[in-house]
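Novice: First the structure, which I've put down as structure tokens, then a few questions once you've had a look.
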Amino acid sequence: MKISDFVAIMDAIDLPHVYYSFRENDAPKLPYFVWYFEGSENMPADDSVYVEILSPVLELYTAEKSFETEKKVEDILNNSGIFWNKTETFINSEKMFQIFYELGDIHGR
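FYI, the numbering for the sequence shown is 104 to 212, going by our numbering.
Structural data, given as structure tokens:
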């Protein structure tokens, strides 16, 4: 999967989203999500990067616990063949839930 394919999947979730973070005071009304690449585990060959492998993360933010919104995200990830694990926390200072999805590796560019 290329980065452009991954971005198309993020668009298909059909919630406001941005790469890494919204500008200060510019976040949309909940729910929304941010996504980014946590790092890479590239494959070498001939003293260079042979295959670029990125580790994406998706953070879903909701005002209330929303099994329906989570299912929507998870169905799209599943249908796109993206492996995922999730953790959940409540951010007291922001009064919102954060669902943190660690996604399966994708090939870069």
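Just so you know, even glycine gets a beta-carbon here, dropped at the ideal spot from N, CA and C.
Closest to S124 by CA distance: which of T165, A115, D114, Y135 is it?
Specialist: Nearest of T165, A115, D114, Y135 to S124, Cα basis: Y135.
Novice: May I ask you to report which of helix, strand or coil DSSP gives A148?
Specialist: strand
Novice: Strictly by DSSP, which residues pair up with L161?
Specialist: W138, Y204
Novice: Taking just the CA atoms, how far does L161 sit from P131?
Specialist: Spanning the alpha carbons of P131 and L161 requires a straight line of approximately 16 angstroms.
Novice: Using only CA atoms, which one of Q201, M104, I156 lies nearest to P147?
Specialist: I156
Novice: For the stretch 166-174 against the stretch 105-115, are there 3 or more C-beta pairs whose distance is under 8 angstroms?
Specialist: no
Novice: Going by DSSP, what residue range makes up the alpha helix (DSSP H) through E127?
Specialist: Counting along the chain, E127 falls outside any alpha helix (DSSP H), and DSSP gives it neither H nor E.
Novice: How about I202 and E191: do their beta carbons lie closer than 7 angstroms?
Specialist: yes
Novice: Ends of the alpha helix (DSSP H) at K175?
Specialist: In the DSSP assignment, K175 falls within the unbroken alpha helix (DSSP H) covering 170-182.
Novice: To the nearest angstrom, how far is the alpha carbon of I185 from that of K168?
Specialist: 23 angstroms
Novice: Look up M113 in the DSSP assignment and say whether it is helix, strand or coil.
Specialist: helix
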